Amino acid sequence: MSSRPVNKGEVWSSGTADQGGGKSRDGYRKDGPKGKSSSGGGPSVRQRRLKSQRSRRVTADEVGRVGSYCTCEEFDLEDVVDFLKREPSAEVLTFDDSVHFRNQERSEESVFVFPYGSVVIWGMDVGSEQVMLRDLKRFQLSPLREPEGDEFRYEYDSTPGITNEAVKLTIGVDSEETILERLALSHALAQSVKLATFERSVQETIMETRYLPKELAMNGKISASRRDVQKNVGRLFLDRHNVYLYADLLDTPDYFWDYETHEWLYSAAAKYLDVRQRAEFLFKRLDMVRELYDLLSQELQFKHSSDLEMVIIGLITIEILISLAKDWVEAIATLTLGTKAGLLIGVLFLTFGIATLFAVLVSRRRRQDHRVRMQNSLHSAQYIP
């Protein structure tokens with residue numbers, strides 16, 4: 005895959021690879037064609053020239069752009085690798101938890117794809133980045149409605165790091181070391197944009213459901229229909245599920261357990277991007293969402309029980325009416341409309357009225373108690389969007 009269409013007849017060569025595709029000393033795998041010329045002999049002059057270009061030393065005045073994006077929930081990395089292997093212009097490096105590839109004719113450009121839907125692109129302009137993202141669309145699982153993105157400029161310096169919106173790579177090192185530095189920084193950039201998708205989703209959910217706790221606090225009940233409340237509860241639950249499902253992705257990547265040399269660089273970038281602090285704040289907001297979820301669940305349960313009560317009261321009323329009608333018919337059939345019949349009918353109507361009034365008062369009292377409990381719960385929870 006390239007950042008621009010390949011011109012017909014343009015000769016692109018693949019990167020050299022280990023014969024067995026095994027791990028190199030730096031902890032990654034090299035995949036792809038073996039780098040032989042089309043005639044079946046050794047490496048061509050063009051390939052040797054490209055190799056020398058890739059191993060050149062950069063100068064301090066070189067600057068570029070690095071863009072980080074989260075476009076979906078997951079990428080199918082196996083399909084990504086299989087696709088890239090068919091592209092003779094790409095050198096594919098498969099790490100434990102990411103895939104790196106670059107165009108050998110433009111060695112400054114490189115792309116890291118992470119399984120949780122993030123892509124970090126180095127050395128391309130905005131147009132080329134968009135072409136790259138479109139090429140990766142076919143491998144997306146559950147694309148996001150609104151992708152997240154961020155950008156920095158990068159430059160070469162004596163010490164790598166990230167400060168003042170500038171990412172710094174070490175000057176005067178070989179291409180493999182540059183890739184590993186970019187990988188460490190890319191992990192932090194990828195986590196940051198992934199975290200941004202969670203932050204936006206939770207914020208949107210809170211803003212769209214904020215009227216519910218306000219109604220409960222003011223009126224002790226919700227004017228929305230049962231179906232609408234259920235949809236909001238489901239969305240709150242889905243947000244919590246998604247964040248906790250990917251919570252381990254916000255920790256230090258497993259890659260650094262085996263290769264600790266560049267962990268400090270990742271940690272510095274993660275600290276600059278406030279990954280840990282933002283994650284902690286997000287989990288606090290999720291706890292707030294959980295409280296709201298519990299309150300709405302209680303309201304749904306109360307609404308359901310209230311509906312059942314009204315049904316039961318209605319059935320009792322119907323039963324009493326049927327009984328009254330039956331007794332009245334029997335009284336008419338056996339007696340004249342005298343004292344006994346009138347007394348019987350009066351007693352039955354009085355009993356019916358007392359029973360109905362009692363049921364209504366009990367139901368109303370339960371509703372009032374529930375409203376007070378809900379208002380107290382909301383005030384104690386201190387729900388703040």
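To convert a position in the sequence shown, counted from 1, into the working numbering, add 4.
Just so it is clear, CB atoms sit at the ideal spot from N, CA and C, and this is done for glycine as well.
Everything numeric in this text was worked out from a predicted model, so none of it was measured.
Start and end of the beta strand (DSSP E) containing residue i?
{"i": "ARG239", "result": "No beta strand (DSSP E) contains ARG239, which is instead part of the alpha helix (DSSP H) from 230 to 249."}
{"i": "SER114", "result": "114 to 117"}
{"i": "ARG214", "result": "Element bounds for ARG214: n/a, residue is neither H nor E."}
{"i": "HIS104", "result": "103 to 107"}
Hey, out of the options, whose CA is closest to residue i's CA?
{"i": "LEU255", "options": "HIS245, GLU267, ARG244", "result": "Per the sequence shown, residue 255 should be read as Asp rather than Leu. It is GLU267 whose Cα lies nearest to the Cα of ASP255."}
{"i": "LEU286", "options": "LYS218, ASP311, ASP243, PRO147", "result": "ASP243"}
{"i": "ILE405", "options": "SER122, SER162, ILE166, ILE183", "result": "Not covered by the structure: residue 405. The range shown for the chain is 5 to 389."}
{"i": "ARG289", "options": "SER227, ASP80, GLU219, VAL206", "result": "VAL206"}
{"i": "GLY224", "options": "THR167, GLU303, LEU173, TYR120", "result": "GLU303"}
{"i": "LEU148", "options": "TYR270, TYR259, GLU77", "result": "GLU77"}
{"i": "VAL307", "options": "THR75, ARG231, TRP126", "result": "Residue 307 is actually Lys in this sequence, not Val. Closest option to LYS307, Cα to Cα, is ARG231."}
{"i": "GLU155", "options": "GLU181, PHE260, PRO164, VAL171", "result": "VAL171"}
{"i": "ARG280", "options": "THR321, ALA192, GLU264", "result": "ALA192"}
{"i": "ASP252", "options": "SER229, TYR120, SER114", "result": "TYR120"}
{"i": "LEU277", "options": "VAL177, ILE326, LEU199", "result": "LEU199"}
{"i": "ASP100", "options": "GLU323, VAL315, ASP258, SER114", "result": "ASP258"}
{"i": "TYR297", "options": "GLY127, SER327, LYS235", "result": "LYS235"}
{"i": "THR75", "options": "ILE166, GLU264, VAL124", "result": "VAL124"}
{"i": "ALA1", "options": "VAL84, GLU185, VAL103, ARG157", "result": "The shown model of the chain, from 5 to 389, leaves out residue 1, and the question about it has no answer."}
{"i": "LEU81", "options": "ASN168, ILE317, SER229, ARG142", "result": "ARG142"}
{"i": "SER146", "options": "PHE79, VAL197, VAL84", "result": "PHE79"}
{"i": "ILE320", "options": "ILE358, GLU295, GLU159, ARG294", "result": "ILE358"}
{"i": "GLU295", "options": "SER132, LYS330, ILE210, SER114", "result": "ILE210"}
Between the C-alpha atoms of residue i and residue j, what's the straight-line distance to the nearest angstrom?
{"i": "ALA194", "j": "PHE105", "result": "16 Å"}
{"i": "ASP129", "j": "MET136", "result": "11 Å"}
{"i": "THR292", "j": "ASP86", "result": "Checking the sequence, you will find Met at residue 292 rather than Thr. Between MET292 and ASP86, the C-alpha separation is close to 43 Å."}
{"i": "GLY238", "j": "ARG204", "result": "17 Å"}
{"i": "ALA385", "j": "ILE226", "result": "Its pLDDT being 48, under 50, ALA385 is placed unreliably in this model, and the coordinates cannot settle the point."}
{"i": "LEU300", "j": "PHE116", "result": "42 Å"}
{"i": "LYS275", "j": "GLU219", "result": "40 Å"}
{"i": "THR98", "j": "SER122", "result": "16 Å"}
{"i": "ILE183", "j": "PHE202", "result": "28 Å"}
{"i": "LEU240", "j": "SER179", "result": "46 Å"}
{"i": "ALA221", "j": "LEU187", "result": "49 Å"}
{"i": "SER190", "j": "ARG90", "result": "25 Å"}
{"i": "VAL70", "j": "ALA283", "result": "23 Å"}
{"i": "ASN107", "j": "PRO151", "result": "25 Å"}
{"i": "TRP261", "j": "PRO92", "result": "33 Å"}
{"i": "GLU313", "j": "ASN246", "result": "37 Å"}
{"i": "THR355", "j": "VAL233", "result": "39 Å"}
{"i": "GLY153", "j": "GLU181", "result": "26 Å"}
{"i": "THR213", "j": "TYR73", "result": "28 Å"}
{"i": "LEU249", "j": "LEU88", "result": "29 Å"}
{"i": "GLU264", "j": "GLU109", "result": "31 Å"}
{"i": "GLU112", "j": "GLU95", "result": "13 Å"}
{"i": "LEU3", "j": "LEU216", "result": "Outside the shown range of the chain (5 to 389) lies residue 3, about which nothing can therefore be said."}
{"i": "GLU4", "j": "VAL177", "result": "This structure cannot speak to residue 4, because the chain is shown only from 5 to 389."}
{"i": "THR167", "j": "ALA228", "result": "49 Å"}
{"i": "VAL67", "j": "ARG157", "result": "7 Å"}
{"i": "SER102", "j": "SER114", "result": "13 Å"}
{"i": "GLU133", "j": "PHE118", "result": "16 Å"}
{"i": "GLY318", "j": "THR360", "result": "9 Å"}
{"i": "LYS330", "j": "SER309", "result": "31 Å"}
{"i": "ASP83", "j": "TRP126", "result": "22 Å"}
{"i": "LEU140", "j": "GLY165", "result": "28 Å"}
Does DSSP classify residue i as helix, strand or coil?
{"i": "ARG204", "result": "helix"}
{"i": "PHE306", "result": "helix"}
{"i": "THR75", "result": "strand"}
{"i": "GLY224", "result": "coil"}
{"i": "GLY26", "result": "Residue confidence for GLY26 is low, a pLDDT of 39 falling below 50, so the modelled location carries little weight and cannot support an answer."}
{"i": "ARG294", "result": "helix"}
{"i": "ARG289", "result": "helix"}
{"i": "ARG69", "result": "strand"}
{"i": "SER111", "result": "coil"}
{"i": "THR321", "result": "helix"}
Would you kindly report the start and end of the unbroken alpha helix (DSSP H) that includes residue i?
{"i": "PHE420", "result": "Here the chain has residues from 5 to 389 only, and residue 420 is not among them."}
{"i": "LEU97", "result": "Where LEU97 is concerned, there is no enclosing alpha helix (DSSP H), although the beta strand (DSSP E) it sits in stretches over 94 to 98."}
{"i": "LEU269", "result": "267 to 276"}
{"i": "ASP255", "result": "Taken as a continuous stretch (DSSP letters only), ASP255 belongs to no alpha helix (DSSP H), as it is neither H nor E."}
Cβ of residue i within 6 Å of any heavy atom in the ligand GTP?
{"i": "ALA194", "result": "In the structure on display, the ligand GTP does not appear, and there are no ligands present to speak of."}
Taking only beta-carbon positions, decide if residue i is within less than 7 Å of chain D.
{"i": "LEU173", "result": "The chain inventory of the structure shown lacks chain D, comprising one protein chain alone."}
**Q.** Within the region 120 to 204, ranges of the alpha helix (DSSP H) (whole runs, at least 4 residues)
**A.** 130 to 140
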